[in-house]
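In this note's numbering, each residue's number is its place in the sequence shown (first place is 1) plus 50.
Structure, as structure tokens:
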Amino acid sequence: MTTKSNKPIRRVLVLGGGIAGATVAERFGRAGLDVQWVEKEPVIGGQAAAMGCKAADVCLRCHVCVATDRLKAALRAPHVCLNTRSELVALTPGNNGSAYRATLRTEPNIILRERCIGCGICVAVCPEHCISIKNPTLYGGVPVLDLPLCRRTRGKACDRCAKACPVKAIDWKEQAQTKELDVDAVVVATGHQPFDPGTLGTFGYGVIPNVISGLDAEHQLAGQHCITRLSDGSAPHRVAFIQCVGSRSEHAHRRPEDTNYCSAVCCSYALRIARRMQYDVPETAVTVFYMDIQNFGKDFESFYTACQNTMTFIRARPVEIMAGSEGTVVIAYEDQEKGAVNTVEFDLVVLSIGIRPAPAARALADCLRLAVDKQGFLGIKGLAGLPQTHRQNIF
Numbered sequence: 051m052t053t054k055s056n057k058p059i060r061r062v063l064v065l066g067g068g069i070a071g072a073t074v075a076e077r078f079g080r081a082g083l084d085v086q087w088v089e090k091e092p093v094i095g096g097q098a099a100a101m102g103c104k105a106a107d108v109c110l111r112c113h114v115c116v117a118t119d120r121l122k123a124a125l126r127a128p129h130v131c132l133n134t135r136s137e138l139v140a141l142t143p144g145n146n147g148s149a150y151r152a153t154l155r156t157e158p159n160i161i162l163r164e165r166c167i168g169c170g171i172c173v174a175v176c177p178e179h180c181i182s183i184k185n186p187t188l189y190g191g192v193p194v195l196d197l198p199l200c201r202r203t204r205g206k207a208c209d210r211c212a213k214a215c216p217v218k219a220i221d222w223k224e225q226a227q228t229k230e231l232d233v234d235a236v237v238v239a240t241g242h243q244p245f246d247p248g249t250l251g252t253f254g255y256g257v258i259p260n261v262i263s264g265l266d267a268e269h270q271l272a273g274q275h276c277i278t279r280l281s282d283g284s285a286p287h288r289v290a291f292i293q294c295v296g297s298r299s300e301h302a303h304r305r306p307e308d309t310n311y312c313s314a315v316c317c318s319y320a321l322r323i324a325r326r327m328q329y330d331v332p333e334t335a336v337t338v339f340y341m342d343i344q345n346f347g348k349d350f351e352s353f354y355t356a357c358q359n360t361m362t363f364i365r366a367r368p369v370e371i372m373a374g375s376e377g378t379v380v381i382a383y384e385d386q387e388k389g390a391v392n393t394v395e396f397d398l399v400v401l402s403i404g405i406r407p408a409p410a411a412r413a414l415a416d417c418l419r420l421a422v423d424k425q426g427f428l429g430i431k432g433l434a435g436l437p438q439t440h441r442q443n444i445f
């Protein structure tokens with residue numbers, strides 16, 4: 051890999067521990083480049099790590115399993131150094147012939163992975179329930195401490211986990227560290243933030259128990275391998291999916307926080323979740339309220355046709371969502387052909403939420419001295435070829 055000046059790139063800083071960052075880190079590492087891989091969370095995986103397989107009678111190509119395989123490959127790749135709980139705090143002109151000098155700040159893990167045996171005793175004894183095992187497939191059962199929730203980080207005395215650990219793998223003396231790295235290129239793969247539907251009061255999210263988001267449905271599939279109603283844990287038989295929640299807003303000119311772009315992933319995951327629900331409970335009746343169904347791959351037409359054979363598609367935006375009796379949800383929508391407002395009752399409503407820039411995108415852009423577009427995404431020179439930013443060797 052070379053720059054425009056034909057100077058070879060040997061050392062790369064990859065920001066972001068999700069599937070994009072993992073792919074870049076793994077491929078660069080196997081190509082012989084020295085990779086410093088940075089993730090601000092205690093574990094890698096990003097949004098993909100919290101999603102569930104949506105396979106029905108056949109694989110629906112949701113690629114959750116591919117994401118897990120890619121993360122494993124990145125952890126095993128040569129020449130890749132992973133820095134978790136770490137953030138880039140400065141990027142200055144480089145030394146020793148490098149393009150940049152990067153300054154990283156790394157918060158303490160407290161739980162030492164090289165000593166931990168994954169017994170889970172610390173998880174059981176923690177009074178604040180702030181120690182948990184995340185993604186055991188990748189980390190072999192090593193727990194993670196959520197520092198902001200811990201009593202010690204809030205100025206209270208507590209050492210139950212340290213006393214209970216049989217191998218002394220909890221070290222409260224560990225301190226935050228800062229280190230400087232000379233790198234030839236920077237790749238920004240800091241991911242996205244799912245839209246919070248609670249900011250839109252019209253959909254009843256957070257108020258009506260059986261209105262959930264697509265992300266909530268993903269979490270249920272990942273944790274319990276099925277989707278149930280929050281009110282009573284039962285399997286829903288009448289399910290509505292509402293598309294474009296947090297995307298393609300008609301009021302973006304009046305509400306700058308709204309987005310008027312298509313998030314491009316909502317139709318894909320919504321229909322796959324719906325097919326999975328019908329596979330788990332064949333009598334499930336699915337209704338999809340949509341503006342447009344977006345093409346999401348070369349097999350789209352056949353998949354969409356199969357969905358149309360088992361689901362009802364209504365081209366309308368709900369005008370009101372209300373709580374019904376016995377935990378049901380009532381959707382009022384405009385029937386454009388008849389010029390009337392219809393109401394339909396459902397057991398569960400799934401809001402197909404869009405995506406937005408990562409919360410720290412603007413702060414990171416300032417650190418990298420990069421521009422952002424009007425939606426908050428990092429600006430690039432063009433859509434074709436490599437996503438080169440306006441700064442040399444930052445992608």
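Positions of the beta carbon are idealized from the N, C-alpha and C atoms, including for glycine.
Over the uninterrupted beta strand (DSSP E) stretch that includes residue i, give me the two end residues.
i, result
"Pro368", "Pro368 to Ala373"
"Glu384", "Val379 to Asp385"
"Ala290", "Arg288 to Val295"
"Ala408", "Ala408 -> no beta strand (DSSP E), and no H or E assigned at all."
"Cys317", "Unbroken run through Cys317 is the alpha helix (DSSP H), Cys316 to Asp330; no beta strand (DSSP E)."
"Thr142", "Ser136 to Pro143"
"Val130", "Val130 to Asn133"
"Arg23", "Outside the shown range of the chain (51 to 445) lies residue 23, about which nothing can therefore be said."
"Thr337", "Ala335 to Tyr340"
Where residue i and residue j are concerned, what is the direct C-alpha to C-alpha distance, given to the nearest angstrom?
i, j, result
"Leu162", "Glu89", "17 Å"
"Ala373", "Val173", "38 Å"
"Arg305", "Lys218", "The pLDDT assigned to Arg305 is 49, lower than 50, so where the model puts this residue is not dependable; a value taken from the coordinates is nonetheless given after this. If you take the alpha carbons of Arg305 and Lys218, they lie about 53 Å apart."
"Cys103", "Glu224", "37 Å"
"Tyr189", "Asp385", "51 Å"
"Phe291", "Leu418", "39 Å"
"Ala105", "Ser297", "26 Å"
"Ala302", "Asn310", "Because Ala302 carries a pLDDT of 45, less than 50, the predicted location of this residue cannot be relied on, and the following value inherits that uncertainty. One C-alpha to the other measures close to 6 Å."
"Leu64", "Pro332", "Note that residue 64 is Val in the sequence shown, not Leu. Those two C-alpha atoms are separated by around 44 Å."
"Tyr255", "Thr240", "27 Å"
"Cys180", "Val194", "8 Å"
"Lys54", "Val422", "Caution is warranted here: a pLDDT of 49 is assigned to Lys54, below 50, making its placement in the model unreliable, and no coordinate value can be reported."
"Thr355", "Asn260", "28 Å"
"Ala226", "Thr156", "6 Å"
"His287", "Val369", "23 Å"
"Thr249", "Val295", "11 Å"
"Ala98", "Val85", "22 Å"
"Ala320", "Asn443", "37 Å"
"Val400", "Met327", "12 Å"
"Glu268", "Ala100", "7 Å"
"Thr378", "Ala366", "20 Å"
"His113", "Ala70", "13 Å"
"Val203", "Phe363", "It should be noted that the sequence gives Thr, not Val, for residue 203. Those two C-alpha atoms are separated by around 51 Å."
"Phe445", "Gly429", "10 Å"
"Leu231", "Arg412", "22 Å"
"Asp266", "Ser313", "18 Å"
"Arg210", "Val233", "42 Å"
"Leu132", "Pro158", "14 Å"
Where DSSP assigns a beta bridge to residue i, which residues make up the other side?
i, result
"Cys200", "Looking at the DSSP assignment, Cys200 forms no beta bridge with any residue, so it has no partner."
"Asn392", "Tyr383"
"Phe253", "DSSP output for Phe253 lists no bridge partner at all."
"Ser263", "Leu401"
"Pro437", "In DSSP, Pro437 forms no bridge with anything."
"Arg365", "Tyr340"
"Pro247", "Note: Pro247 sits in no beta bridge, so no partner."
"Leu418", "For Leu418, which the question treats as bridged, DSSP gives no partner whatsoever."
"Leu428", "Val422"
"Ile444", "Val236"
"Ile258", "Paired residues: none, contrary to the question."
"Ile161", "Ile220"
Kindly indicate the opening and closing residues of the alpha helix (DSSP H) around residue i.
i, result
"Arg354", "It is worth fixing the name first, because residue 354 is Tyr in this sequence and not Arg. Start and end: Phe350 to Thr360."
"Arg61", "No alpha helix (DSSP H) contains Arg61, which is instead part of the beta strand (DSSP E) from Arg61 to Leu65."
"Thr118", "Val114 to Arg126"
Let me check you understand the geometry: is the CB of residue i closer than 7 Å to at least one non-hydrogen atom of the ligand FAD?
i, result
"Val400", "With respect to the ligand FAD, the structure shown offers nothing to examine, as it has no ligands at all."
Rounded to the nearest angstrom, how far is the Cβ of residue i from that of residue j, given a contact under 8 Å?
i, j, result
"Val289", "Thr334", "6 Å"
"Tyr150", "Leu141", "5 Å"
"Gly67", "Gly95", "7 Å"
"Ala72", "Ala124", "4 Å"
"Arg135", "Gln243", "19 Å between Cβ atoms; not a contact."
Q: Could you pull out every unbroken beta strand (DSSP E) segment of at least 3 residues lying fully inside the stretch 164–243, listed in chain order?
A: 181–183, 193–195, 227–233 and 235–238
Q) Could you give the uninterrupted runs of the beta strand (DSSP E) lying entirely in the stretch 69–100, keeping only those of 3 residues or more? A) 84–88
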